Every structure is written in structure tokens, then in C-alpha cells.
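Residue numbers for the sequence shown follow my numbering, so the first one is 18 and each next one is one higher.
Quick reminder that beta carbons are idealized off the backbone N, C-alpha and C, glycines included.
Just so we're clear, the structure is a prediction, and the values are computed from it rather than from any experiment.
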Amino acid sequence: MKAQFGCGKALCCAPLSCAQKACFVLVCVALFAAIACLSSCGGGLMTSQLSEDEILDSVDAEDVADHVILPDEWCSSEVPAVVSKTLEGVEDQKLDDALYKEATVMVVCETSQFRISSDWVTQFKLVGNQWQHLDSYPMDESIEWVGGIPNDLLASRATAFMQMVDENSESSKRDTRLLDLYKEGFSAEVIDNKTAEDGTALLAVSAQQGLTKYQGTLAASFAWTGTDWQVTCTADKGAYQADYSPYEGTWIGSFVETSGWWDAAGHEGKCYAAKETSPSITFKEVDPVSLTAKADLSFVVHAHDDTLDNDVASVEGDTTIELKDALITLEPDNSNSYKILDKDYGDYNYTVYLENDDSGNLKLMVKVFNFLVANVSDSYSLSKLEEA
Numbered sequence: 018m019k020a021q022f023g024c025g026k027a028l029c030c031a032p033l034s035c036a037q038k039a040c041f042v043l044v045c046v047a048l049f050a051a052i053a054c055l056s057s058c059g060g061g062l063m064t065s066q067l068s069e070d071e072i073l074d075s076v077d078a079e080d081v082a083d084h085v086i087l088p089d090e091w092c093s094s095e096v097p098a099v100v101s102k103t104l105e106g107v108e109d110q111k112l113d114d115a116l117y118k119e120a121t122v123m124v125v126c127e128t129s130q131f132r133i134s135s136d137w138v139t140q141f142k143l144v145g146n147q148w149q150h151l152d153s154y155p156m157d158e159s160i161e162w163v164g165g166i167p168n169d170l171l172a173s174r175a176t177a178f179m180q181m182v183d184e185n186s187e188s189s190k191r192d193t194r195l196l197d198l199y200k201e202g203f204s205a206e207v208i209d210n211k212t213a214e215d216g217t218a219l220l221a222v223s224a225q226q227g228l229t230k231y232q233g234t235l236a237a238s239f240a241w242t243g244t245d246w247q248v249t250c251t252a253d254k255g256a257y258q259a260d261y262s263p264y265e266g267t268w269i270g271s272f273v274e275t276s277g278w279w280d281a282a283g284h285e286g287k288c289y290a291a292k293e294t295s296p297s298i299t300f301k302e303v304d305p306v307s308l309t310a311k312a313d314l315s316f317v318v319h320a321h322d323d324t325l326d327n328d329v330a331s332v333e334g335d336t337t338i339e340l341k342d343a344l345i346t347l348e349p350d351n352s353n354s355y356k357i358l359d360k361d362y363g364d365y366n367y368t369v370y371l372e373n374d375d376s377g378n379l380k381l382m383v384k385v386f387n388f389l390v391a392n393v394s395d396s397y398s399l400s401k402l403e404e405a
């Protein structure tokens with residue numbers, strides 16, 4: 018029995034077999050290889066992982082908005098808002114024994130008018146055991162038109178639309194340009210905006226210089242090219258036709274002054290009958306083609322040859338002339354006074370002049386002449402009566 022025990026003790030202390038030694042060597046080699054590999058990665062077992070959220074957060078929304086380039090002329094001032102960010106891929110890189118990661122992120126941002134899709138490259142470097150963000154920058158960008166152009170923006174570009182019409186080959190054959198007609202008292206209003214549906218818009222434009230008014234409709238069309246709008250515009254025929262309806266109605270005169278003399282002897286007295294009687298002129302019809310008007314007129318003429326040593330309110334011979342349906346000629350573009358009547362009353366000749374006022378009123382002058390007897394002018398400012 019003791020021999021058996023001795024034999025057992027010998028077995029426990031026996032050297033390793035060749036197979037056991039080989040297994041032990043392989044385990045050690047694998048362990049040292051793993052350690053070497055981790056050491057070469059720079060961070061060992063404690064190196065942090067770069068998460069998808071970290072990559073997406075590295076692309077800043079404000080930075081994205083700053084890099085979006087939209088066609089300024091037809092865009093609102095709205096700042097693009099990021100609506101989605103998608104990680105498309107991550108690439109490991111090594112430079113001078115330093116480890117880098119370069120990720121591609123698809124960013125989509127929107128305004129009420131556009132959807133902008135862009136690929137952003139964002140870069141990281143392994144510093145110690147942490148991934149440090151280095152830079153982010155955009156690559157390819159595409160712009161999709163998803164909304165219309167605001168009414169206020171369309172109206173503010175009305176003169177640009179008219180310039181397009183003037184430069185059009187057909188419109189350029191006209192003697193008159195829209196930009197020349199629509200200068201004073203200009204206004205524009207959007208009456209139909211379908212830029213979001215089919216890229217069209219209608220604008221009503223108007224202008225008034227003195228008593229000449231223009232009204233028309235502009236039809237604008239927008240076609241998106243992928244980076245900007247291609248815009249065309251036309252105007253209706255009515256946009257070129259002057260409207261003289263502001264003349265129509267009754268105008269009452271306010272006395273301004275009396276000038277001239279009543280006899281060649283040099284008496285200095287003046288007759289102020291014109292101050293006591295306000296003239297009136299009623300335009301019934303205005304023909305825009307012939308620029309003639311049918312009008313009723315009432316005014317005073319000094320049909321007297323009295324020598325006046327002193328100023329008087331009125332003397333015998335002051336006569337109120339009343340004309341019905343007189344045909345007179347208008348000169349709306351004339352900034353000076355122009356003759357509308359030239360008639361005789363006994364030995365006296367009287368002429369009536371109109372003058373266009375840029376403020377939208379008229380001026381009237383009645384001149385009486387008799388050789389060596391009278392050469393007198395009465396001037397008035399006319400104001401249109403408001404319709405009841």
C-alpha cells in the first residue's frame with residue numbers, strides 16, 4: 018500500500034507533458050499579442066467609443082444655416098431650420114500614427130419656401146482615450162422649391178417685373194416704357210398668388226402723375242432651375258393706356274391774384290370782381306384718345322374800360338360767362354399753362370388757360386384783352402368737389 022501511495026505522489030509531481038507545454042505557450046503568445054494590439058491602438062482597454070449621437074451633434078444647426086445659399090432676390094428673410102440629420106457612414110483613417118474618424122451626415126433643413134439637403138463631413142481625432150471633434154464642413158447641396166413667394170415680397174419687386182416687360186423683345190418695340198409711366202404715386206398689390214402651386218402670380222399696378230392715371234396687370238411666371246428662379250413677366254394692354262377720369266367732376270376756383278391794367282394811361286386801380294365770384298368747371302366726358310373733354314364753365318370777365326384810380330370790388334361791365342358742353346382740349350403732360358378757350362365778348366377778347374398741378378389739382382387763368390383799354394389776368398387754384 019505504501020508503494021502505491023508513493024507512486025501516487027510521484028504522479029502529482031511529474032513534469033508537464035509536451036502537449037501541456039505547447040498549450041501553455043500558445044496561451045501566452047495570444048495574451049501578449051492582444052496586449053500589443055491594444056497598445057498599438059493608443060488607448061488600451063479604456064479607449065472611449067464614438068457614438069452616433071456625438072457624430073450627429075457635431076454638425077451644428079446654426080453652422081448649417083450659415084452655409085445655405087439661397088437666391089436672395091425672391092427669398093424671404095426666414096432662417097433655414099434643421100429638420101433631420103442622418104449618419105450615412107464612418108471611415109477610419111490613420112495619419113502619422115494618429116487615429117482619425119471621418120463621418121458623412123445627411124442634413125435636411127427647411128424654410129417655408131425651400132427644402133435644402135446637404136452632405137456634411139465631420140472629422141474626429143483620437144486624443145488620449147477620447148475622440149475629439151476637429152471640423153465639419155458641407156459638400157454637395159441640393160435645393161428643392163416647396164413653397165410660394167410671399168405677397169409682400171412680390172409687391173416689393175413690382176418695378177423689377179416692369180423692367181422685365183420693358184426689356185422683352187415685343188415690348189421693346191413700344192415707344193413708351195412702363196417704368197416711365199409708373200413713376201409718380203406708384204403702388205402695387207398682389208391679386209393672385211399661385212407661386213406655390215404652378216409658379217404664377219398676378220399684380221395690379223397703378224400710378225398717378227397730376228391728373229393722369231395708369232392702371233394695369235402684370236402676370237409673372239416662375240420656373241425653378243434647381244438653384245434659382247427663371248422669371249418672366251408680361252403686362253396687359255391696359256397698362257399702357259392713360260386714364261383721365263380724375264378730371265371728371267366739378268372743380269371750384271379759389272382766387273389767387275389779379276394782374277395787368279385797364280387803360281394805357283397808367284391808372285393803378287384794380288377790379289377784384291374775380292375775387293367775389295368763384296369760377297367753376299365741370300368735366301362731363303374725357304376722350305383719352307383725342308384728349309378732348311366736354312365741359313361746363315363759369316367765370317368772370319372784365320368787360321369794362323373804366324379808368325380806375327383805386328381798387329374796387331366790382332364795376333359795371335364785369336360779366337359772368339357761362340358755357341355749356343364746351344369742347345376743350347386737354348394737355349395732361351404739359352407742365353405749363355395751355356389755352357382751352359379763345360372767344361370774343363363784344364369788343365373784348367377773353368382766353369382761358371389750364372395748368373396741371375403735380376399735387377393733383379388744376380390752376381385756371383382768365384385773360385381779358387382790348388387794345389389800349391384792358392389787359393387783365395385773373396388766376397385761380399381749382400379744387401375738385403368731393404362727390405356726395
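For residue i versus residue j, is the C-beta distance shorter than 8 Å?
i, j, result
"residue 377", "residue 266", "no"
"residue 224", "residue 201", "yes"
"residue 314", "residue 340", "yes"
"residue 355", "residue 381", "no"
"residue 107", "residue 81", "no"
"residue 275", "residue 289", "yes"
"residue 159", "residue 125", "no"
"residue 141", "residue 67", "yes"
"residue 328", "residue 292", "no"
"residue 122", "residue 163", "no"
"residue 147", "residue 65", "yes"
"residue 127", "residue 97", "yes"
"residue 219", "residue 208", "yes"
"residue 161", "residue 132", "yes"
"residue 138", "residue 181", "no"
"residue 399", "residue 379", "yes"
Grouping DSSP H, G and I as helix and E and B as strand, with all else coil, what is residue i?
i, result
"residue 263", "helix"
"residue 206", "strand"
"residue 131", "strand"
"residue 72", "helix"
"residue 393", "strand"
"residue 106", "strand"
"residue 180", "helix"
"residue 255", "helix"
"residue 339", "strand"
"residue 85", "coil"
"residue 80", "helix"
"residue 315", "strand"
"residue 374", "coil"
"residue 146", "coil"
"residue 169", "helix"
"residue 118", "strand"
"residue 237", "strand"
"residue 320", "coil"
"residue 151", "strand"
"residue 214", "coil"
"residue 415", "Given that the chain is displayed from residue 18 to residue 405, the structure contains no residue 415 and the question cannot be resolved."
"residue 23", "Confidence at residue 23 is low in this model, with a pLDDT of 39, below 50, so its placement is unreliable and the value that follows should be read with caution. Here residue 23 sits in helix by DSSP."
"residue 200", "coil"
"residue 292", "helix"
"residue 175", "helix"
For my contact list, residue i and residue j are in at a C-beta cut-off of 8 Å; report their separation, rounded to the angstrom.
i, j, result
"residue 129", "residue 95", "6 Å"
"residue 311", "residue 342", "5 Å"
"residue 136", "residue 157", "5 Å"
"residue 383", "residue 316", "5 Å"
"residue 252", "residue 195", "6 Å"
"residue 69", "residue 104", "5 Å"
"residue 322", "residue 391", "6 Å"
"residue 349", "residue 246", "About 38 Å separates the two Cβ atoms, so there is no contact after all."
Thinking C-alpha only, which one of the options is nearest residue i?
i, options, result
"residue 168", "191, 138, 92, 116", "92"
"residue 365", "114, 385, 285, 393", "385"
"residue 353", "122, 132, 373", "373"
"residue 255", "148, 71, 336, 222", "222"
"residue 212", "203, 165, 184, 170", "165"
"residue 145", "132, 396, 114", "114"
"residue 363", "350, 334, 349", "334"
"residue 112", "86, 84, 143, 180", "143"
"residue 304", "351, 84, 229, 296", "229"
"residue 338", "320, 332, 351", "320"
"residue 357", "244, 210, 368, 246", "368"
"residue 397", "216, 250, 214, 296", "296"
"residue 193", "231, 216, 86", "231"
### Message
Between the region 262–276 and the region 235–253, can you find at least three pairs of beta-carbon atoms closer than 8 Å?
### Response
no
### Query
Touching or not, the region 163–179 and the region 144–154, by the rule of three or more beta carbon pairs under 8 Å?
no
### Query
Quick one: any contact between the region 256–264 and the region 293–312, if contact means 3 or more CB pairs under 8 Å?
yes
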